[in-house]
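In my numbering, the protein residues as written are 5 to 366. Working notes, beginning with the structure itself.
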Amino acid sequence: MSMELIAIKWENGKLEILDQILLPVISKYVAVKGVEDGWKVINKMQVRGAPAIAIVGCLSLAVEIQNEEFTDKKSLRQEIEGKLNYLVSARPTAVNMKIAAEDLITLSNQLKKDDSVSAADMKEKFLKAIDAMLEKDITDNIAIGHHGAQAILNNGAGDGPVRVLTHCNTGSLATAGYGTALGVIRTLHSNKKLEQVYCTETRPYNQGARLTAYELVHEKMPAILICDDMVAALMRSRTISAVIVGADRVVANGDTANKIGTYQIAVVAKHHGVPFYVAAPLTSVDFTIPSGDRIVIEERPEREMTHINDQRVAAAGIQCWNPAFDVTPAHLITGIITEKGVYRPDELNKLNILQIQEDDRL
Ligand code: MRU
Numbered sequence: 005m006s007m008e009l010i011a012i013k014w015e016n017g018k019l020e021i022l023d024q025i026l027l028p029v030i031s032k033y034v035a036v037k038g039v040e041d042g043w044k045v046i047n048k049m050q051v052r053g054a055p056a057i058a059i060v061g062c063l064s065l066a067v068e069i070q071n072e073e074f075t076d077k078k079s080l081r082q083e084i085e086g087k088l089n090y091l092v093s094a095r096p097t098a099v100n101m102k103i104a105a106e107d108l109i110t111l112s113n114q115l116k117k118d119d120s121v122s123a124a125d126m127k128e129k130f131l132k133a134i135d136a137m138l139e140k141d142i143t144d145n146i147a148i149g150h151h152g153a154q155a156i157l158n159n160g161a162g163d164g165p166v167r168v169l170t171h172c173n174t175g176s177l178a179t180a181g182y183g184t185a186l187g188v189i190r191t192l193h194s195n196k197k198l199e200q201v202y203c204t205e206t207r208p209y210n211q212g213a214r215l216t217a218y219e220l221v222h223e224k225m226p227a228i229l230i231c232d233d234m235v236a237a238l239m240r241s242r243t244i245s246a247v248i249v250g251a252d253r254v255v256a257n258g259d260t261a262n263k264i265g266t267y268q269i270a271v272v273a274k275h276h277g278v279p280f281y282v283a284a285p286l287t288s289v290d291f292t293i294p295s296g297d298r299i300v301i302e303e304r305p306e307r308e309m310t311h312i313n314d315q316r317v318a319a320a321g322i323q324c325w326n327p328a329f330d331v332t333p334a335h336l337i338t339g340i341i342t343e344k345g346v347y348r349p350d351e352l353n354k355l356n357i358l359q360i361q362e363d364d365r366l
């Protein structure tokens, strides 16, 4: 298999990210020298995808803290809390950065209270916890790939091979590696169970055409690109075994925020009787929100719609509405694929997810 794409380089205390605005034409890494850079690369979407946002945000804090000396734990704790909250403000819908920030603030509170821990120890333990996020994300994604591939084959697809559709980008570029929904597709492919994967362009930012298509070609998967408005025609004219998408925030009742356009694919899938799966690590599950209508949906600049690479493609003077995400109601979702297994949306409530998260994280 070819070398996997690396979106986040973290070596010897140096952080670099693959600039996803320039892909697929130019492959260039940019240095992230601290929290200010971290906020900017997330906000400008040079790095994007819910898990990657959280990991780059936290690593940008690690870059800063590693070179500072702290004589007292109070100032370290204050810096951690202030800077993490700032990073959360870079993009509002994906919950992973917020959950990571809460976990790390809890950890710093615990370390501050513990008299056996010095300021230097506290800093070291904190940096180790951030380091661990990268590795855990990859392990979780491999488990998601395994559970998801099984679920799709068990749900009417028999022994395969399957024909699947995905939306946006949920691969190596959106995570620490392997991917979530794209990880499931990767697993199907390596088990020789993938006949065809269709990916949507994902207007307006084109994560599908630019990034997913790039990953699929890179991995030599049998892939076909379609425009967002071709989904219904595709399902009518060709058999699709399942839709698999990622998530920016799954809430307690199973409603799921994901890239704009996900909801209409779910509606069309329901109409055609195609199973619709959401693949997401538990770091994307927000149990504090009861239903999807309470999720804040980010609205992005009009320019992402009116221009492509500085070239105007929409009539000057037209008004635009550019929500970056939509919410797919739980009743349209067949299963939520997590690292712990696949659950119906109404089963999420039965799981003590908060406890699992607490045991698993940090
Ligand atoms: O605006 P983006 O590109 O950050 O949106 C990405 C998505 O919607 C992904 O589907 C989601 O973050 C899951 S990535 C594993």
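Quick reminder that beta carbons are idealized off the backbone N, C-alpha and C, glycines included. All of these numbers come straight from a predicted model, not from anything done at the bench.
Exposure of residue i, with buried meaning 16 or more beta-carbon neighbours within 10 Å
{"i": "arginine 298", "result": "exposed"}
{"i": "threonine 243", "result": "exposed"}
{"i": "isoleucine 322", "result": "exposed"}
{"i": "isoleucine 171", "result": "With the sequence shown as reference, residue 171 is identified as histidine, and isoleucine is not the correct amino acid for it. Looking at its Cβ environment, which holds 16 or more other Cβ atoms inside 10 Å, histidine 171 is buried."}
{"i": "methionine 7", "result": "exposed"}
{"i": "arginine 255", "result": "Inspection of the sequence shows that residue 255 is occupied by valine rather than by arginine. It is buried - the Cβ of valine 255 has at least 16 other Cβ atoms within 10 Å."}
{"i": "valine 92", "result": "buried"}
{"i": "aspartate 314", "result": "exposed"}
{"i": "valine 300", "result": "exposed"}
{"i": "leucine 22", "result": "buried"}
{"i": "cysteine 231", "result": "exposed"}
{"i": "tryptophan 325", "result": "exposed"}
{"i": "proline 279", "result": "buried"}
{"i": "glutamate 205", "result": "buried"}
{"i": "asparagine 16", "result": "exposed"}
{"i": "glycine 187", "result": "buried"}
{"i": "lysine 140", "result": "buried"}
{"i": "alanine 320", "result": "exposed"}
{"i": "valine 317", "result": "exposed"}
{"i": "aspartate 163", "result": "exposed"}
{"i": "alanine 66", "result": "buried"}
Where the beta strand (DSSP E) through residue i begins and ends
{"i": "glutamate 1", "result": "The first residue shown for the chain is 5 and the last is 366, placing residue 1 beyond what the model contains."}
{"i": "lysine 13", "result": "12-15"}
Option nearest residue i by Cα separation, candidates the options
{"i": "alanine 334", "options": "Leu115, Glu205, Gly277 and Ser295", "result": "Ser295"}
{"i": "methionine 239", "options": "Ala273, Asn262 and Asp350", "result": "Ala273"}
{"i": "isoleucine 293", "options": "Asn195, Val271, Thr266 and Ala261", "result": "Ala261"}
{"i": "alanine 98", "options": "Asp290, Cys324 and Ile312", "result": "Asp290"}
{"i": "glycine 277", "options": "Ala284, Ile269 and Ala283", "result": "Ile269"}
{"i": "leucine 111", "options": "Val92, Asn100 and Lys132", "result": "Lys132"}
{"i": "valine 249", "options": "Asn100, Val282 and Asn145", "result": "Val282"}
{"i": "glycine 183", "options": "Leu198, Ile148, Lys197 and Glu83", "result": "Ile148"}
{"i": "arginine 207", "options": "Asp135, Gly187 and Asp233", "result": "Asp233"}
{"i": "aspartate 252", "options": "Leu88, Pro55, Glu106 and Glu15", "result": "Pro55"}
{"i": "glutamate 343", "options": "Gly86, Gln200, Ala153 and Val60", "result": "Ala153"}
{"i": "aspartate 119", "options": "Lys77, Arg167 and Ala185", "result": "Lys77"}
{"i": "alanine 284", "options": "Ile142, Gln82 and Leu65", "result": "Ile142"}
{"i": "proline 165", "options": "Asn71, Gln200 and Cys62", "result": "Gln200"}
{"i": "glycine 86", "options": "Lys129, Glu40 and Ile59", "result": "Glu40"}
{"i": "leucine 303", "options": "Ala318, Ser288, Arg316 and Pro327", "result": "The sequence given here places glutamate at residue 303; leucine does not occur at that position. That would be Pro327, whose Cα lies nearest to the Cα of glutamate 303."}
{"i": "serine 31", "options": "Ile59, Ala136, Glu306 and Ala11", "result": "Ala11"}
{"i": "leucine 63", "options": "Leu108, Ala320 and Leu26", "result": "Leu108"}
{"i": "alanine 68", "options": "His275, Ile134 and Thr310", "result": "Just to set this straight, residue 68 is glutamate in the shown sequence, not alanine. Looking at the Cα atoms, Ile134 is the closest of the given residues."}
{"i": "aspartate 330", "options": "Lys197, Pro96, Ala236 and Val121", "result": "Pro96"}
{"i": "threonine 191", "options": "Lys18, Arg316, Leu157 and Asn71", "result": "Leu157"}
{"i": "glutamate 223", "options": "Gly175, Val235 and Ala237", "result": "Gly175"}
{"i": "threonine 179", "options": "Asn145, Ile84, Gln70 and Lys116", "result": "Asn145"}
Neighbourhood of residue i by C-beta, 6 Å cutoff - its chain only, sequence neighbours within 5 removed
{"i": "glutamate 20", "result": "Lys13, Tyr33 and Ala35"}
{"i": "threonine 332", "result": "Thr260, Thr266, Tyr267 and Ala270"}
{"i": "histidine 193", "result": "Met225"}
{"i": "valine 346", "result": "His151, Ala155 and Gly339"}
{"i": "alanine 94", "result": "Trp43, Ile46 and Asn47"}
{"i": "asparagine 173", "result": "Gln211, Leu215 and Thr216"}
{"i": "proline 28", "result": "Arg214 and Tyr218"}
Nonlocal neighbours in the same chain, by C-beta distance under 7 Å from residue i, ignoring five residues either side
{"i": "glutamine 24", "result": "Met49, Gln50, Val51, Arg52, Leu177 and Leu215"}
{"i": "glycine 258", "result": "Ala334, Ile337, Ile340, Pro349, Asp350 and Leu352"}
{"i": "cysteine 203", "result": "Thr170, Gly212, Thr216, Ala217, Leu220, Ala227 and Leu229"}
{"i": "phenylalanine 74", "result": "Leu80, Ala123 and Lys127"}
{"i": "glutamate 306", "result": "Cys324 and Asn326"}
{"i": "asparagine 195", "result": "Ala153"}
Range covered by the alpha helix (DSSP H) that runs through residue i
{"i": "valine 34", "result": "Looking at the DSSP string, valine 34 is not in any alpha helix (DSSP H); the run it does join, the beta strand (DSSP E), is 33-35."}
{"i": "glycine 42", "result": "39-47"}
{"i": "glutamate 68", "result": "54-70"}
{"i": "valine 188", "result": "185-194"}
Proximity test, residue i beta-carbon vs the ligand SAH heavy atom, cut-off 7 Å
{"i": "cysteine 62", "result": "Although the ligand SAH was asked about, the structure shown includes only the ligand MRU as ligands."}
Own chain residues within Cβ distance below 8 Å of residue i, not counting five before or after
{"i": "valine 247", "result": "Val168, Leu169, Thr170, His171, Ile269, Ala270, Ala273, Val278, Pro279, Phe280 and Tyr281"}
{"i": "glycine 160", "result": "Ser245 and Pro279"}
{"i": "alanine 58", "result": "Ala98, Asn100, Met101, Ile103, Ala104, Met137 and Thr287"}
Could you tell me which whole alpha helix (DSSP H) segments of length 4 or greater appear in the region 85-172? 100-117 and 123-156
What beta strand (DSSP E) runs, 3 residues minimum, are completely inside the region 198-283? Taking only runs of at least 3 residues, the beta strand (DSSP E) segments lying wholly in the region 198-283 are 198-204, 227-230, 246-249, 253-255, 260-263 and 280-283.
Ranges of the alpha helix (DSSP H) found wholly within the region 304-355, counting only runs of at least 4: 307-310
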